[in-house]
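**Student:** 448 is the number that our numbering gives the last residue of the sequence shown; the numbers go up by one with no jumps. Note that beta-carbon positions come from the ideal geometry of N, C-alpha and C, so glycine has one too. One structure, as structure tokens, below. Some questions next.
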Amino acid sequence: MDFSRTEAQQRLCDEIRGFAREKLDPGTAERQVERFGRELWEQIGARGILGSCVPEIYGGRGRDVLTTILAMEALGEGCRDNGLTLGVNGQMWAVQEPIQRFGSEEQKERFLPKLCSGEWFGAHGMSEATSGSDTFALKTSAEREGSDYVLNGTKIYIGLAPVADLSLVFASTAPDKGRWGLSAFLIEKDTPGLTRSEVKQKMGLTSSPLGDLVMENCRVPGANRLGPEGAGLSIFNHSMQWERSFIFASHVGSMARQLDETVAFAKDRRQFGQPVGHFQSVSNRIADMKLRLETARLLMYKAAWTLDQGGDASMISALSKLHLGEGFFASSIDAMRIHGGRGYLTQYEVERDVRDSAGGVIYSGTSDIQRQLIARLLGL
Ligand SMILES: Cc1cc2nc3c(=O)[nH]c(=O)nc-3n(C[C@H](O)[C@H](O)[C@H](O)COP(=O)(O)OP(=O)(O)OC[C@H]3O[C@@H](n4cnc5c(N)ncnc54)[C@H](O)[C@@H]3O)c2cc1C
Numbered sequence: 069m070d071f072s073r074t075e076a077q078q079r080l081c082d083e084i085r086g087f088a089r090e091k092l093d094p095g096t097a098e099r100q101v102e103r104f105g106r107e108l109w110e111q112i113g114a115r116g117i118l119g120s121c122v123p124e125i126y127g128g129r130g131r132d133v134l135t136t137i138l139a140m141e142a143l144g145e146g147c148r149d150n151g152l153t154l155g156v157n158g159q160m161w162a163v164q165e166p167i168q169r170f171g172s173e174e175q176k177e178r179f180l181p182k183l184c185s186g187e188w189f190g191a192h193g194m195s196e197a198t199s200g201s202d203t204f205a206l207k208t209s210a211e212r213e214g215s216d217y218v219l220n221g222t223k224i225y226i227g228l229a230p231v232a233d234l235s236l237v238f239a240s241t242a243p244d245k246g247r248w249g250l251s252a253f254l255i256e257k258d259t260p261g262l263t264r265s266e267v268k269q270k271m272g273l274t275s276s277p278l279g280d281l282v283m284e285n286c287r288v289p290g291a292n293r294l295g296p297e298g299a300g301l302s303i304f305n306h307s308m309q310w311e312r313s314f315i316f317a318s319h320v321g322s323m324a325r326q327l328d329e330t331v332a333f334a335k336d337r338r339q340f341g342q343p344v345g346h347f348q349s350v351s352n353r354i355a356d357m358k359l360r361l362e363t364a365r366l367l368m369y370k371a372a373w374t375l376d377q378g379g380d381a382s383m384i385s386a387l388s389k390l391h392l393g394e395g396f397f398a399s400s401i402d403a404m405r406i407h408g409g410r411g412y413l414t415q416y417e418v419e420r421d422v423r424d425s426a427g428g429v430i431y432s433g434t435s436d437i438q439r440q441l442i443a444r445l446l447g448l
């Protein structure tokens with residue numbers, strides 16, 4: 069097994085890390101007011117980050133998945149704005165990927181270039197008030213009227229919803245068939261009957277706007293149905309394999325940066341006449357942070373390799389989501405504790421990772437749900 073990077077991969081990572089440090093990281097603290105601007109999104113698009121593994125004919129760079137993951141890691145290492153990098157990953161894995169896999173030629177040509185260039189924001193709408201973990205209990209309906217569908221329902225907790233130019237929304241076209249009666253729709257922002265809510269305040273990831281998508285007799289052209297009628301379950305499951313595998317790709321970069329900064333602090337900060345890193349209770353925490361980082365990488369790279377080979381990533385994506393979500397949260401708490409009072413004060417920008425990482429044990433299926441999936445795949 070070869071764990072080395074090619075020269076091209078190393079060059080790409082250096083370039084993306086440098087871009088993130090220079091262009092995206094400055095202003096992170098000021099951006100903690102629930103939004104980031106389109107200019108930033110367009111810069112990320114222009115660098116070929118959003119479209120990294122989308123074919124060139126649809127506005128992407130046509131890179132393999134593993135190389136893309138390495139680049140996303142570098143993005144998070146260079147930019148401390150976890151809300152921004154989460155938004156990038158959310159759009160790539162849960163909107164662009166399903167369009168790439170299930171979209172018609174016309175849909176790919178119409179939507180992917182705008183998403184890849186950063187001209188458009190894309191959202192993925194599944195969760196509803198009565199269907200969170202119990203995903204397929206959703207109530208949103210889509211009834212055929214001529215060549216259109218009329219959608220009614222409300223999606224909540226949707227990342228980028230308040231600014232989304234395009235939303236991938238799941239609805240039932242055949243309620244009597246349960247999860248097998250679901251279909252997926254690509255809804256453009258000016259579609260009559262669609263309302264994007266105001267930004268909802270939340271605990272962390274504050275620069276990334278989150279809100280509701282409300283559909284009231286929302287008339288969606290049949291040409292905007294993604295995949296065949298009834299294919300919603302397959303599309304959602306496919307999206308989740310990608311999202312769960314890589315939604316934390318940039319947060320792994322954050323964990324690397326967090327570890328470097330914590331080691332530097334533990335060497336520099338002196339108490340009782342010695343660096344605090346000499347105390348085993350501090351160094352043990354740092355060893356745990358290193359272990360979480362390295363195991364996070366292994367799981368994520370294996371998921372990337374599996375998907376590059378066209379394999380089934382059900383197990384590895386659940387393992388990856390569970391371990392990376394819990395790992396980033398645990399390491400963020402360790403980093404805060406090691407920094408002492410400094411770790412708790414907002415001005416030092418250590419505590420932000422705790423608030424940002426907390427969301428990762430909930431979105432894309434909670435840790436409890438990932439454990440259930442893993443157990444089920446083991447035959448329990
Ligand atoms: C920051 C953030 C971003 C999000 N972005 C999106 C998005 O872009 N698109 C989208 O569609 N959704 C999004 N969500 C919604 C997210 O996917 C749901 O919040 C999540 O799936 C949990 O659903 P719920 O909130 O209804 O909790 P519930 O399902 O009500 O769960 C409540 C508690 O019960 C536990 N629980 C539930 N069922 C079981 C079970 N069978 N076994 C064991 N424990 C169980 C859960 O683990 C949890 O602890 C986002 C959420 C957050 C916080």
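Pick out the complete alpha helix (DSSP H) segments inside the stretch 288-344, 4 residues or longer, and give them in chain order.
**Tutor:** As far as the stretch 288-344 is concerned, its whole alpha helix (DSSP H) runs of at least 4 residues are 300-314, 317-336.
**Student:** Would you call the CB atoms of S251 and G300 closer than 8 Å?
**Tutor:** Going by C-beta atoms, S251 is nearer than 8 Å to G300.
**Student:** Less than 6 Å between C-beta atoms, sequence neighbours within five positions excluded: which residues of the same chain meet that for E362?
**Tutor:** The answer is none, since no qualifying residue turns up.
**Student:** Could you pull the start and end residues of the beta strand (DSSP E) that L262 belongs to?
**Tutor:** Its beta strand (DSSP E) spans residues 262-264.
**Student:** Check this for me: beta carbons of G298 and S185, under 8 Å apart or not?
**Tutor:** No, they are not a contact pair.
**Student:** Kindly indicate the opening and closing residues of the alpha helix (DSSP H) around E394.
**Tutor:** 382-406 is the extent of the alpha helix (DSSP H) around E394.
**Student:** Note down, one range per segment and in chain order, each beta strand (DSSP E) of at least 3 residues found wholly within the stretch 159-205.
**Tutor:** With a minimum length of 3 residues, the continuous beta strand (DSSP E) runs that stay inside the stretch 159-205 are 190-193.
**Student:** Determine the burial state of Y126: buried for a count of at least 16 other Cβ atoms within 10 Å of its Cβ, exposed for fewer.
**Tutor:** So Y126 counts as buried.
**Student:** Any heavy atom of ligand 1 closer than 7 Å to the Cβ of Q269?
**Tutor:** Result no, Cβ not under 7 Å from ligand 1.
**Student:** Does the Cβ-Cβ distance between G341 and G393 come in under 8 Å?
**Tutor:** No. Outside cutoff.
**Student:** Looking at Q168 and ligand 1, is the gap between the Cβ and the nearest heavy atom below 7 Å?
**Tutor:** No.
**Student:** Is the beta carbon of D436 within less than 7 Å of some heavy atom of ligand 1?
**Tutor:** Yes, the beta carbon of D436 sits closer than 7 Å to at least one heavy atom of ligand 1.
**Student:** Report yes if the C-beta of M194 is less than 7 Å from at least one heavy atom of ligand 1; otherwise report no.
**Tutor:** For ligand 1, at least one heavy atom lies less than 7 Å from the Cβ of M194.
**Student:** Alpha helix (DSSP H) containing F87: first to last residue?
**Tutor:** Taken as a continuous stretch (DSSP letters only), the alpha helix (DSSP H) holding F87 covers 75-87.
**Student:** Looking at the strands, I want to know which residues DSSP matches up with G279.
**Tutor:** According to DSSP, which records beta bridges pairwise, G279 is partnered with I226.
**Student:** Mind checking S235: buried by the 16 CB within 10 Å criterion, or exposed?
**Tutor:** Under this definition S235 is a buried residue.
**Student:** Report the CB separation of M357 from D402 in whole angstroms; it is logged as a contact under 8 Å.
**Tutor:** Indeed they touch by this definition, with Cβ atoms about 5 Å apart.
**Student:** Between which residues of its own chain and I406 is the CB-CB distance below 8 Å, once the five residues before and five after are set aside?
**Tutor:** Cβ within range, chain order: T330, F333, A334, V344, V350, R353, I354.
**Student:** Exposed or buried, N150, counting other C-beta atoms within 10 Å across all chains shown (16 or more means buried)?
**Tutor:** Under this definition N150 is a buried residue.
**Student:** Going straight from the alpha carbon of L118 to that of P243, what length do you get?
**Tutor:** Straight-line Cα distance between these residues: approximately 35 Å.
**Student:** Between F104 and G95, what straight-line distance do the alpha-carbon atoms span, to the nearest angstrom?
**Tutor:** When rounded, the distance between both Cα atoms is 10 Å.
**Student:** Could you spell out where the alpha helix (DSSP H) holding S351 opens and where it closes?
**Tutor:** Segment 348-376, the alpha helix (DSSP H) holding S351.
**Student:** State the CB to CB distance for the pair L228 and G272, rounded to an integer number of angstroms; the pair is presumed to be in contact (CB under 8 Å).
**Tutor:** The pair is not a contact, with the Cβ atoms about 16 Å apart (cut-off 8 Å).
**Student:** Go ahead and pull the three-state DSSP assignment for L118.
**Tutor:** The answer is coil: DSSP assigns L118 none of H, G, I, E or B.
**Student:** State yes or no: is the C-beta of W188 within less than 8 Å of the C-beta of W310?
**Tutor:** No, Cβ-Cβ distance for W188 and W310 is not below 8 Å.
**Student:** Tell me, to the nearest whole angstrom, how far the beta carbon of T135 is from that of L183; I am working on the premise that it is less than 8 Å.
**Tutor:** Not quite, the Cβ-Cβ distance comes to about 19 Å (not below 8 Å), so this is no contact.
**Student:** For F396 and M140, which I take to be in contact (beta-carbon distance under 8 Å), what is that distance rounded to the nearest angstrom?
**Tutor:** Not really, about 14 Å apart at Cβ, beyond 8 Å.
**Student:** Give me the Cα-Cα distance between Y225 and G116, rounded to the nearest whole angstrom.
**Tutor:** Near 28 Å, if we compare the C-alpha coordinates of G116 and Y225.
**Student:** Is any non-hydrogen atom of ligand 1 found closer than 7 Å to the C-beta of Q52, if you look at the structure I gave you?
**Tutor:** Within the shown structure, residues of the chain are numbered from 69 to 448, placing residue 52 beyond reach of any answer.
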